[in-house]
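A short worksheet on the structure shown next.
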Amino acid sequence: MDLLQNIEPTHLPYVAVGCALLCLVALVIGFLLQAVAGVFDVIFGLFEVFIDLLQGGPIAWCGCLVVVVGLAAAAGGILLFFNAPDACAEYPTRFCLWFGFLP
798 MDLLQNIEPT HLPYVAVGCA LLCLVALVIG FLLQAVAGVF DVIFGLFEVF IDLLQGGPIA
858 WCGCLVVVVG LAAAAGGILL FFNAPDACAE YPTRFCLWFG FLP
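Going letter by letter, the sequence shown gives residues 798 to 900 in this note's numbering.
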């Protein structure tokens, strides 16, 4: 109890305000952690669904379908990249300007 005798009475309001602010900061941190955890749950839930599809998930052929669609998208991108300079020379569009295909 010697500690309480060393505190000056003029500092007691500062101690009370400090304790109140400490409680308020703890509440804010608690709410922020719940919000961040909710966002991470959504992100990792979507990631888990994608991984389940790749592994065969509920329907065995879904993983193969995802891989085939991914390969088709990659092939389409490569085809677009190689055919874009000729098409941009004939029909210049904003796509051509964005990717530097204009002569």
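For every residue, glycine included, the Cβ atom is placed at its ideal position computed from N, Cα and C.
Out of Phe896, Leu876, Gly860 and Ala884, state which residue places its alpha-carbon closest to the alpha-carbon of Ile848. Gly860
Collapsed DSSP secondary structure at Gln852 in the structure displayed: coil
Residues near Gln852 by beta carbon distance below 7 Å, same chain, minus five either side: Gly860
What does a CB cutoff of less than 8 Å around Val812 pick up in its chain, not counting 5 residues either side in sequence? Ile804
First through last residue of the alpha helix (DSSP H) which encompasses Leu987: The structure shown does not extend to residue 987, since the chain is modelled only from 798 to 900, so the question has no answer here.
Going by DSSP in three states, Glu805 sits in which element: helix, strand or coil? coil
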